[in-house]
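Asker:
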Ligand code: NAP
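Residue numbers (our numbering): 1 to 797.
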């Protein structure tokens with residue numbers, strides 16, 4: 001391949017076409033000895049002679065008139081005019097005469113003509129005019145406007161332009177003339193109107209034209225080396241017709257678009273691309289398409305791009321950089337034994353954000369081996385040492401809180417403020433159990449009949465199997481890890497497949513806090529049934545602590561029975577939210593917003609059934625609707641967003657099904673209820689009233705941002721309705737009469753009651769449910785006891 005300057009490439013392109021086709025002629029001012037104003041045609045006259053290379057008078061109109069005459073006689077003229085500004089004076093030929101002759105000859109007359117002119121896309125002194133000229137040209141139907149970007153382009157595009165049956169305006173950027181590039185030997189012909197991907201990338205698409213292409217490449221290089229942001233650079237080349245397919249294809253891959261243009265004033269192509277992309281690929285985009293225009297003086301576009309691309313890239317690559325994706329067994333990162341992996345998705349965009357190792361049954365056995373190996377030494381550590389490690393873990397999680405919160409949002413979808421509260425809540429379990437680790441207090445008593453001493457101590461139960469859901473990827477796990485470690489038990493944790501990254505990211509933090517190898521093992525797995533079952537049938541596993549659906553909990557309880565494994569089960573909920581006639585409605589609405597909308601309704605504690613006294617029903621519904629309708633929905637990482645997408649398609653389909661069912665049975669939608677278009681598993685904040693008995697959402701967990709409201713007329717009716725479920729996790733009661741509230745609490749069959757509060761979760765309180773909502777408690781001192789076994793020594797002294 002030969003290296004040519006752009007100027008040489010112009011000469012080569014013209015010569016190539018003149019050699020190939022004797023009908024190609026060249027017209028221009030001072031083109032013979034001087035090589036024209038651009039010095040690009042030196043030697044052309046000598047090579048092709050005066051009949052084919054015409055020095056014309058200094059008159060652009062004359063050049064164009066002669067060119068038109070030549071074209072009408074069957075020649076294929078290439079006309080060079082000095083600056084694009086001068087197109088204005090010969091506009092009539094280009095805009096009217098050529099199309100007219102075509103029209104008058106019923107399409108028989110071809111009008112091949114290439115008008116080459118400098119300053120395309122604007123530069124320095126001629127910029128404003130040349131850009132307006134470019135815009136005029138773009139508005140002439142059928143007129144092709146081409147702006148090459150480099151030496152390679154010019155040869156191929158010139159060839160294509162000369163062979164085109166219609167006139168082509170060929171804007172050349174004067175500043176390109178000194179640029180060099182490799183031009184392959186042999187004939188090159190490009191396709192007019194086709195954008196060209198000059199550098200592939202995956203994080204953002206940068207569209208550029210002419211001189212902006214090399215600048216966009218420089219910017220891309222800077223972004224790549226300094227920030228690891230991989231930009232695709234697309235040379236848009238031909239302005240009309242605009243090749244939107246290539247551009248849309250690129251954007252579909254990168255989800256981000258920037259156009260880089262010179263001179264903001266009248267340049268039109270960037271605006272056109274931006275509007276097309278905004279229109280056609282709006283839901284593919286992670287941010288608005290952005291036009292970047294730089295002034296005449298070539299400012300480095302990279303600085304501007306950097307500012308704009310970084311916030312987006314930070315969402316993904318920077319956030320994921322350093323997040324482990326293998327199995328954490330025995331203090332080492334390992335691939336799965338069978339090499340299996342699974343994808344993790346961002347629910348806001350449906351993009352794959354990571355691929356994570358999927359543990360096999362064999363890996364589960366290795367994890368139990370590692371935990372068992374670590375057991376004795378960990379259990380033998382002084383409680384104070386274990387407490388200090390947990391205290392340190394709290395400190396380190398809070399140090400990394402923002403990063404962890406973003407990661408939760410990325411894999412779970414919840415809005416960043418929800419994730420931030422989750423991280424603080426999750427960290428608090430470490431602090432609470434740092435304090436509980438030193439309170440493993442036994443008892444001594446005297447047997448009433450024999451007089452022997454009854455000495456009771458609590459011993460760590462052994463290897464604990466922890467299985468957690470996706471709705472709180474951090475907190476549901478630390479609520480188990482912290483008490484287990486405080487008690488002296490090593491753990492094997494299987495996080496939910498939708499959200500494995502948060503726990504994997506926590507492991508280096510736990511290591512830094514001083515947790516020895518093997519004390520915590522994390523094994524994400526797509527084969528959860530087989531992997532968990534294998535561990536439950538391993539005699540060394542002594543505790544299973546599960547948070548998830550009642551259905552899976554029931555299965556695990558059955559399996560735990562085979563080896564008499566100690567179970568702790570935090571299962572589903574179907575929380576009633578009772579608003580009495582004497583409630584402070586503002587307090588009740590505030591409580592409802594928390595009880596319903598914390599975690600977008602994807603919480604076992606989420607208010608699922610609102611029972612509102614008939615005398616305040618309408619006012620409550622109206623106030624709640626107003627608050628719900630005002631919630632900003634969007635990508636959870638975006639500022640101001642408080643309602644992110646649901647975790648996955650199945651989750652959203654379930655919400656859609658429940659709402660459709662209620663509406664088909666007569667419920668009225670006060671707000672929401674309509675699915676937004678585009679990617680991401682979004683569902684709007686929805687309020688339903690007149691939900692009839694028999695609607696499925698009254699019996700099943702909605703697990704989404706939908707409030708279903710029913711009326712009641714007496715306290716007895718409210719209690720009866722509230723208790724009319726197989727679940728018994730949490731209930732909420734709002735009344736100004738505290739005695740009444742406590743009386744009602746006693747009658748409600750739920751493990752937890754929020755009395756004038758929409759939030760019950762607290763590491764210092766025993767969390768857990770009655771009936772089908774679970775067995776055992778998490779948090780508080782009770783949470784520690786789940787990982788301890790009593791041993792009683794009968795002794796006489
Ligand atoms: P889930 O489907 O029961 O899954 C929970 C965990 O169990 C996940 O790690 C899951 O792994 C695993 N799993 C699924 N099928 C299994 C099987 N056959 N054998 C062994 N493990 C299995 O629940 P979810 O959809 O993640 O979470 C939502 C549920 O959790 C709701 O019902 C909610 O009320 C409940 N929840 C309860 C509490 C509470 O404290 N009471 C707190 C939060 C959530 P994969 O992800 O790989 O399937």
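Virtual Cβ for every residue (Gly too), placed ideally from N, Cα, C.
Note that the structure is predicted; figures quoted are calculated from it, not measured.
If you draw a straight line from the alpha carbon of residue 300 to that of residue 482, how long is it in whole angstroms?
Answerer: For residue 300, the predicted structure reports a pLDDT of 48, less than 50, and the residue's modelled location is therefore unreliable. The matter cannot be settled from this model.
Asker: Can you find a heavy atom of the ligand NAP that lies under 6 Å from the Cβ of residue 349?
Answerer: Residue 349: no, Cβ never under 6 Å from the ligand NAP.
Asker: Rounded to whole angstroms, what is the Cα-Cα separation between residue 633 and residue 639?
Answerer: If you take the alpha carbons of residue 633 and residue 639, they lie about 11 Å apart.
Asker: Can we count residue 478 as close to the ligand NAP, meaning its CB is less than 6 Å from some heavy atom?
Answerer: Outside the cutoff, so no.
Asker: Closest to residue 549 by C-alpha separation, out of 541, 563, 536 and 574, would be which residue?
Answerer: Here the closest residue by C-alpha is 574.
Asker: Give the straight-line distance between the Cα atoms of residue 258 and residue 278, rounded to the nearest whole angstrom.
Answerer: Cα to Cα, residue 258 sits roughly 11 Å from residue 278.
Asker: What do you reckon, are the CB atoms on residue 155 and residue 43 nearer than 7 Å?
Answerer: Contact flag unset, no.
Asker: Is DSSP giving residue 108 helix, strand or coil here?
Answerer: Three-state DSSP puts residue 108 in coil, outside helix and strand.
Asker: Let me know the secondary structure DSSP gives residue 292 once reduced to three states.
Answerer: In the structure shown, residue 292 sits in a strand (DSSP, three-state: E or B).
Asker: With DSSP as the reference, identify every bridge partner of residue 446, one or two as the case may be.
Answerer: Residue 446 is bridged to 453.
Asker: Look up residue 611 in the DSSP assignment and say whether it is helix, strand or coil.
Answerer: If DSSP states are grouped into helix, strand and coil, residue 611 belongs with the strands.
Asker: Buried or exposed: which applies to residue 68, given that a residue is buried once 16 or more other Cβ atoms fall within 10 Å of its Cβ?
Answerer: With 16 or more other Cβ atoms within 10 Å, it is buried.
Asker: For residue 497, which option in 581, 325 and 565 has the closest C-alpha, if you only look at C-alpha atoms?
Answerer: Closest by alpha carbon: 325.
Asker: Where in the region 571–610 do unbroken runs of the alpha helix (DSSP H), each at least 4 residues long, occur, reported from the N-terminal end onward?
Answerer: You should have 585–597.
Asker: Verify whether the separation of the beta carbon atoms of residue 208 and residue 216 is less than 7 Å.
Answerer: For residue 208 and residue 216, yes; Cβs fall inside 7 Å.
Asker: Which same chain residues, not among the five before or five after residue 3, have their C-beta less than 6 Å away from its C-beta?
Answerer: Counting only Cβ-Cβ distances below 6 Å, and skipping sequence neighbours, we find 180 and 182.
Asker: Would residue 773 pass as a contact of residue 557 if the rule is Cβ separation under 7 Å?
Answerer: Result no, Cβ atoms of residue 773 and residue 557 do not sit closer than 7 Å.
Asker: Kindly identify the DSSP beta-bridge partner or partners of residue 792.
Answerer: According to DSSP, residue 792 bridges with 456.
Asker: In whole angstroms, give me the CA-to-CA distance for residue 674 and residue 685.
Answerer: Roughly 9 Å between the two C-alpha positions.
Asker: May I ask you to report which of helix, strand or coil DSSP gives residue 746?
Answerer: Reduced to three states, the DSSP call for residue 746 is helix.
Asker: Do residue 645 and residue 413 count as a contact pair if the criterion is CB distance below 7 Å?
Answerer: Taking 7 Å as the Cβ cut-off, residue 413 and residue 645 qualify as a contacting pair.
Asker: Return the Cβ separation of residue 629 and residue 610 in integer angstroms, given the expectation that the two are a contact with Cβ distance under 8 Å.
Answerer: Their Cβ separation, rounded to whole angstroms, is 16 Å, which puts residue 629 and residue 610 out of contact at 8 Å.
Asker: Touch check for the region 733–745 and the region 691–699: three-plus C-beta pairs under 8 Å?
Answerer: No, they do not touch.
Asker: With 16 other CB atoms within 10 Å as the buried threshold, where does residue 74 fall?
Answerer: Classification of residue 74: exposed, given that the 10 Å Cβ count is below 16.
Asker: Unbroken alpha helix (DSSP H) runs of length 4 or more, entirely within the region 111–193: which are they?
Answerer: Complete alpha helix (DSSP H) runs here, min 4: 127–138 and 151–163.
Asker: Using 8 Å as the Cβ pair cut-off and three pairs as the minimum, do the region 445–462 and the region 470–481 touch?
Answerer: The region 445–462 vs the region 470–481: no contact.
Asker: Helix, strand or coil for residue 465, going by three-state DSSP, please let me know.
Answerer: Strand at residue 465.
Asker: Is the beta carbon of residue 496 within less than 6 Å of some heavy atom of the ligand ZN?
Answerer: Because the ligand ZN does not appear in the structure shown, any question about it cannot be addressed here, the ligands present being the ligand NAP.
Asker: For residue 758 and residue 580, I'd like the C-alpha separation in whole angstroms.
Answerer: Going by the C-alpha atoms only, they are around 15 Å apart.
Asker: In chain order, what residues of the same chain have a beta carbon less than 7 Å from the beta carbon of residue 760, not counting five sequence neighbours either side?
Answerer: For residue 760, where only same-chain residues beyond five positions count, the Cβ hits under 7 Å are 605, 730, 752 and 754.
Asker: Quick one: what's got a C-beta closer than 6 Å to residue 236's C-beta in the same chain, skipping five residues either side?
Answerer: So the list reads 195, 207 and 209, once near-sequence residues are dropped.
Asker: Examine the ligand NAP and report whether any of its heavy atoms sits within less than 6 Å of the Cβ of residue 467.
Answerer: Yes, Cβ of residue 467 sits closer than 6 Å to a heavy atom of the ligand NAP.
Asker: Is residue 440 close to the ligand NAP? I mean its beta-carbon at under 6 Å from any heavy atom of the ligand.
Answerer: Every heavy atom of the ligand NAP is 6 Å or more from the Cβ of residue 440, so no.
Asker: Is residue 650 near the ligand NAP - that is, is its Cβ less than 6 Å away from at least one heavy atom of it?
Answerer: Incorrect: residue 650 has no Cβ contact closer than 6 Å to the ligand NAP.
Asker: Can you tell me whether residue 188 is buried or exposed? The criterion is at least 16 other CB atoms within 10 Å of its CB, across all chains shown.
Answerer: Looking at its Cβ environment, which holds 16 or more other Cβ atoms inside 10 Å, residue 188 is buried.
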